[in-house]
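Sequence lines, in order, name chains A and B.
The first sequence begins at 0 in numbering that gives the first Met the number 0 and counts up one residue at a time.
The second sequence begins at 0 in numbering that gives the first Met the number 0 and counts up one residue at a time.
Just so it is clear, CB atoms sit at the ideal spot from N, CA and C, and this is done for glycine as well.
Report on the structure given below.
2 protein chains.
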Amino acid sequence: MLTVVIFGAGNLASHLYTAFASSQDVEVIQVYNRSVSNLQFFENKVPTTTSLKEILPADVYLISVSDDAIQEVISSISSFDGIIAHTSGSVPLSNLAKRNAVFYPLQTFSKTQEVDFSTIPICIESEHKEDLKTLFQLGKTISSKVFQISTAQRKTLHLAAVFACNFTNQLYRIAEEICEKENIPFETLHALILETARKATKDSPKNVQTGPAKRGDQKTINTHLSQLDSSDLKEIYTLLTKSIQKEHGSKL
Amino acid sequence: MLTVVIFGAGNLASHLYTAFASSQDVEVIQVYNRSVSNLQFFENKVPTTTSLKEILPADVYLISVSDDAIQEVISSISSFDGIIAHTSGSVPLSNLAKRNAVFYPLQTFSKTQEVDFSTIPICIESEHKEDLKTLFQLGKTISSKVFQISTAQRKTLHLAAVFACNFTNQLYRIAEEICEKENIPFETLHALILETARKATKDSPKNVQTGPAKRGDQKTINTHLSQLDSSDLKEIYTLLTKSIQKEHGSKL
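Spelled out as structure tokens, the structure:
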């Protein structure tokens, strides 16, 4: 049985607590937060504290506070014996503690929505083999996907995620705006959006590309460009069309 | 009970047949295809023919042939009494038949994968109120989402779908390439991709945007740009970041 103390009381901290609570192989023995305000969620579920002096001994300390506060929290408990793992995608492996580590679930979390951790990849990092083993074991209690990812790789993943998540979402927004102008319910595109995402996770996105850019259908491309009245959108259309054509060897 | 004759034997034709076959309120009484080769799928399920002279009387003729062949097929049966509806997203409402119509399921179909029509929007069009009613009824036998969409709207939808599907898929591909360079399994992004798509169909994509562009985090944006070694990718990053910032009123 692994014992865990969670630091922080935000979205990720509470989702992690809930996920661990349903596992037989791990016990969250305490939740720490600087202020008492956000600790309500944990009351009557697990002992809580706002004092760093009261932290219980544990196998793993999960530092799930805001990125800016991570170093400060780690330095204040750096002499502790357990693994001290932060849960951030963009903060490097610390060098402040004895057993620095990362335990980063790669997903967007909102407070109100339930999370199924079982499919969420957990990215772990440590310089110690034994600790990697423990983090792997801890990750496996809530997810089927645990990956060893270095700080450099996490930095790259963060960049890739901007393309796969933020930029993708902006394309959805553009599609929604295009629909709104013609009084078309955006709902007509929902099934397509979900299926496009599903397909890209079942095969390489390269293999499932379709559409006018892929098949070099210049007539349709010209029609689409003439339908767009914003120069920004024309530019995005042209650039992404070129990107697809470069990928698939069509003529530019 | 509505009677239907399907023209064509491709992906969409076979998926439509399968969907209608499980409904009590519609009967596919015949499938026509120019050549016998693709009709195997329908053998022993429904009468087939390769002769336009043998077409049975039906309430609706669904023309599910390639875009280029639609007009030819419609003109050859233009005197028929039923509704003559093509199933294409990019071909205008015909003016060749007596009762021209469109019955367009907005989704990407592959031959090998099963399709759950219940969530796929069916876009219907006709100049006749009674025929719209029939097409609505027909659509409802297989899907919970039937929309009346004009030819002009369908043209706009096709453009919007390029952003929501083809361009989005290219961003997935770029994310995959970024991962590959650092030996990161693309699988680490799967959950994020699916969740981003899911979120955008539960709320407006505008309301669920996150990331450095949205929060005006110029430091992270600069870091990301320095991580990209291709000028094409830098350009796409810059353009989509600007697009998000314009949308959310951050400074450019």
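If you ignore the 5 residues before and after H14/A, its C-beta comes within less than 6 Å of the C-beta of F108, V114, all in its own chain and listed in chain order. For L191/B, the nearest CB of chain A lies under 9 Å from its own CB, placing it at the interface with that chain. For the pair S74/B and L61/B, the Cα-to-Cα distance works out to about 14 Å. Counting along the chain, S74/B sits inside no beta strand (DSSP E); it lies in the alpha helix (DSSP H) bounded by residues 69-75. Excluding the 5 residues flanking it on each side, E181/A has no same chain C-beta neighbour closer than 7 Å. Listed in chain order, the positions of the stretch 116-127 of chain B with a beta carbon within less than 9 Å of a beta carbon of chain A are T118, I119, P120, C122. For S21/A and L105/B, the gap between their C-alpha atoms comes out near 40 Å.
Inclusion of V25/B and F41/B in the CB contact set at 9 Å is not warranted, their separation being larger than that value.
Taking C-alpha positions only, N94/A is separated from V101/A by approximately 12 Å. Those residues of the stretch 168-189 of chain B placed with their C-beta closer than 8 Å to a C-beta in chain A are N168, Q169, L170, Y171, R172, I173, A174, E175, I177, C178, K180, E181, N182, I183, P184, F185, E186, T187, L188, H189, ordered along the chain.
When DSSP states are grouped into helix, strand and coil, F6/A belongs to the strand group. For the stretch 215-239 of chain A, the beta-carbon criterion of a distance under 7 Å to any beta-carbon of chain B is satisfied by H223, Q226, D231, E234, I235, L238, L239.
Residue pairing by DSSP places P104/A opposite I121/A in a beta bridge. In the displayed model, Q208/B falls within coil according to three-state DSSP, outside both helix and strand.
The continuous alpha helix (DSSP H) containing L131/B extends over residues 128-139. Spatial neighbours of Y236/A in its own chain (CB-CB distance under 7 Å, excluding positions within 5 residues in sequence) are listed in chain order as H223, L224, L227.
For L61/A, the enclosing beta strand (DSSP E) stretches over residues 59-62. In the DSSP assignment, A190/A falls within the unbroken alpha helix (DSSP H) covering 189-201.
Annotated three-state conformation of T49/B is coil, per DSSP. Between T49/B and S34/B a beta carbon distance of about 6 Å is seen, short of the 8 Å cut, so the two are scored as contacting. Residue-level contact by beta carbon fails for G81/A and chain B, as no gap is shorter than 9 Å. The beta-carbon distance between Q147/B and I123/B, rounded to whole angstroms, is 6 Å. This is short enough to meet the 8 Å contact definition. The three-state reading of DSSP puts F79/A in coil, since its state is none of H, G, I, E or B. In the structure shown, L1/A adopts extended strand secondary structure according to DSSP, grouped into three states. Contact annotation for L134/B against chain A: no contact, minimum CB-CB distance about 15 Å [criterion: below 9 Å].
Put simply, the CB of R197/B is near chain A, with a gap under 9 Å to one of its CB atoms. Contact annotation: N165/A and G210/B have beta-carbon atoms nearer than 9 Å. By the C-beta density criterion, L170/B is buried, having at least 16 other C-beta atoms within 10 angstroms. Chain A has no Cβ within less than 9 Å of the Cβ of G9/B.
Against chain A, the CB of N99/B has no partner CB under 9 Å away; the residue lies outside that interface.
For E246/B, the enclosing alpha helix (DSSP H) covers residues 230-247.
With a beta-carbon spacing of about 5 Å, I192/A and A196/B fall inside the 8 Å limit used to define contacts. Comparing alpha-carbon positions, the option among Q112/A, A160/A, T133/A lying closest to S89/A turns out to be A160/A. Assignment of N168/A by DSSP, reduced to helix, strand and coil, places it in the helix class. Put simply, the CB of H157/B is near chain A, with a gap under 9 Å to one of its CB atoms. Chain B places a beta carbon closer than 9 Å to that of N165/A, counting this residue as a contact.
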